[in-house]
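Here the structure comes first, spelled out in structure tokens, and everything after it is commentary.
Number of protein chains: 2
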Amino acid sequence: MARWEPDARDRLVRAALDLFGEQGYDATTVAQIAERAGLTKSTFFRHFPDKRELLVAGQDTLATLLTEGAAGAPDSATPMEAVLAALEAVTAAFTPDRRELGPKLQAAIAANAELQERDTLKQVGLAAVLTEALHRRGIPDPAASLAAEIGMLAFKRAYARWVTAGETAELATLAREELHAVQSATSTLT
Amino acid sequence: MARWEPDARDRLVRAALDLFGEQGYDATTVAQIAERAGLTKSTFFRHFPDKRELLVAGQDTLATLLTEGAAGAPDSATPMEAVLAALEAVTAAFTPDRRELGPKLQAAIAANAELQERDTLKQVGLAAVLTEALHRRGIPDPAASLAAEIGMLAFKRAYARWVTAGETAELATLAREELHAVQSATSTLT
């Protein structure tokens, strides 16, 4: 009988990151991850379809937050203001424990081509979601695609800073700064 | 003994696209592709590591052309002028027969999630190559990443037009037009 494990998901992610760091991603099995987390394999599979998805879980949540954030911007908002609203909304998913796990997660992804591919596909998927949210605000292409790419680039840079040792600023603050930096860079291109 | 098959690569791609259209990507085997092309399986594997790579072959060539194109722009070139030089260089790989195969290729990719993933990873890989080429010109981030994303977005749009029935313009012409369109869109974002 399945026990109620309120923090199972979090425990599985932490156990997996520890094992990936110790013995590598390829050598780590789902059974080992479950055992390290003090859970069963069936509990693992209630939360994740496989080992690869474990590190990029939550994509649906991020997509929803981006979409709602962009939709919630005032009607008068410019495309970049709508992108900022989307990024601010998505930061809600980035909790303090996610910040703490960030360096281990980055190391695991950097060490494995399969995880890099999955991470890349996640980012491209989120850019497409943001583009679609901007379309629904009546923003045509290529402006919508461009605004979404600028937003994703800024968020990637903000996230990298956020998980850097010694950085104490909030992710939303960093996202605003980086969005401004990337926008400013547009004027240096021609 | 291996025969000299000067057009083997092209024949394999054409045979594969026909079979994907007729019976789907998943149902098509390497043996069937080779047979349809009038070649052996071992000839297939001399040209492609697997079925998936067949439709995104030539990524290394495109990367080299992008890099050389960006490097070959005058020292005085702006970042966007260097991107344009890179795009113009890469159009050399897009021969008339590639244009003719374009719609079949697009249909095959649209119909299969695995090919979509591979195609996405190819595009992201080429954006990274272009970013790196811009770094070597002394362009810092985020300007280099942004310029590369603008370039890739423009090229994607240009390619889509190029393979559209009735479009007769050269790819280089379309790339210039789309690069201009995407750049112009930057001024509509704020």
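Top to bottom, those sequences are chains A and B. Quick note on numbering: the first sequence equals residues 1 to 190 in the working numbering. Quick note on numbering: the second sequence equals residues 1001 to 1190 in the working numbering. Glycine included, every Cβ here is placed at the ideal spot set by N, Cα and C. From a predicted model like this one, the values you see are computed outputs, not experimental measurements.
Simplified DSSP assignment, three categories, for residue i
i               : result
D97 (chain A)   : helix
M1 (chain A)    : With a pLDDT of only 41 at M1 (chain A), under the threshold of 50, the placement of this residue in the model should not be trusted; the figure read from the coordinates follows. M1 (chain A) falls in the coil class under three-state DSSP.
D1007 (chain B) : coil
I139 (chain A)  : coil
V1129 (chain B) : helix
P74 (chain A)   : coil
V163 (chain A)  : coil
E1114 (chain B) : helix
D26 (chain A)   : coil
G21 (chain A)   : helix
P1192 (chain B) : Beyond the ends of chain B as shown, which are 1001 and 1190, falls residue 1192 (chain B); an answer cannot be given.
T190 (chain A)  : coil
G1038 (chain B) : coil
F1044 (chain B) : helix
P1103 (chain B) : helix
D1119 (chain B) : helix
A158 (chain A)  : helix
D50 (chain A)   : coil
G1151 (chain B) : helix
K55 (chain A)   : Lys is not the amino acid found at residue 55 (chain A); the sequence shown has Leu there. Here L55 (chain A) sits in coil by DSSP.
E1068 (chain B) : helix
E170 (chain A)  : coil
From the options, residue whose alpha carbon lies closest to that of residue i
i               : options                               : result
A1128 (chain B) : B:T1064, B:E1114, B:P1096 and B:A1181 : B:T1064
G69 (chain A)   : A:P49, A:S145 and A:T131              : A:T131
L39 (chain A)   : A:P6, A:F20 and A:L87                 : A:P6
R1009 (chain B) : B:D1026, B:F1045, B:R1137 and B:E1022 : B:F1045
D1097 (chain B) : B:T1043, B:V1182 and B:V1013          : B:V1013
A1147 (chain B) : A:S187, A:Q106, A:A82 and A:Q59       : A:S187
K122 (chain A)  : A:L17, A:P79 and A:V56                : A:V56
A1144 (chain B) : A:S145, A:Q32, A:E167 and A:A185      : A:A185
G1151 (chain B) : A:G151, A:P142, A:Y159 and A:R157     : A:P142
K1156 (chain B) : B:G1166, B:A1172, B:P1079 and B:E1035 : B:A1172
P1049 (chain B) : B:R1036, B:V1030, B:A1037 and B:E1035 : B:V1030
I1139 (chain B) : B:A1037, B:P1079 and B:T1190          : B:P1079
A165 (chain A)  : A:T190, A:L189 and A:L101             : A:L101
Own chain residues within Cβ distance below 7 Å of residue i, not counting five before or after
i               : result
R1099 (chain B) : W1162 and V1163
H1047 (chain B) : A1008, R1009 and L1012
P103 (chain A)  : V163
A1082 (chain B) : A1070, A1073, L1134 and R1137
D119 (chain A)  : V56 and I109
E149 (chain A)  : A127
T67 (chain A)   : V129 and A133
Q106 (chain A)  : V163
T61 (chain A)   : A93
E1167 (chain B) : R1161
R36 (chain A)   : A15, D18 and L19
Same chain, Cβ closer than 6 Å to residue i, five either side skipped, listed in chain order
i               : result
A1154 (chain B) : E1178, L1179 and V1182
A169 (chain A)  : none
Cut-off 8 Å between Cβ atoms - residues of its own chain near residue i, not counting five sequence neighbours on either side
i               : result
A1085 (chain B) : G1069, A1070, G1072, A1073 and A1077
Q59 (chain A)   : K122, G125 and L126
T28 (chain A)   : A16, L19, F20 and K51
I1033 (chain B) : L1012, A1015, A1016, L1019, F1044, K1051 and L1054
A1175 (chain B) : L1084, L1087, E1088, T1091, A1154, F1155 and A1158
Y1025 (chain B) : K1051, A1108, A1111, N1112, E1114 and L1115
F94 (chain A)   : Y159, W162 and L171
Q23 (chain A)   : none
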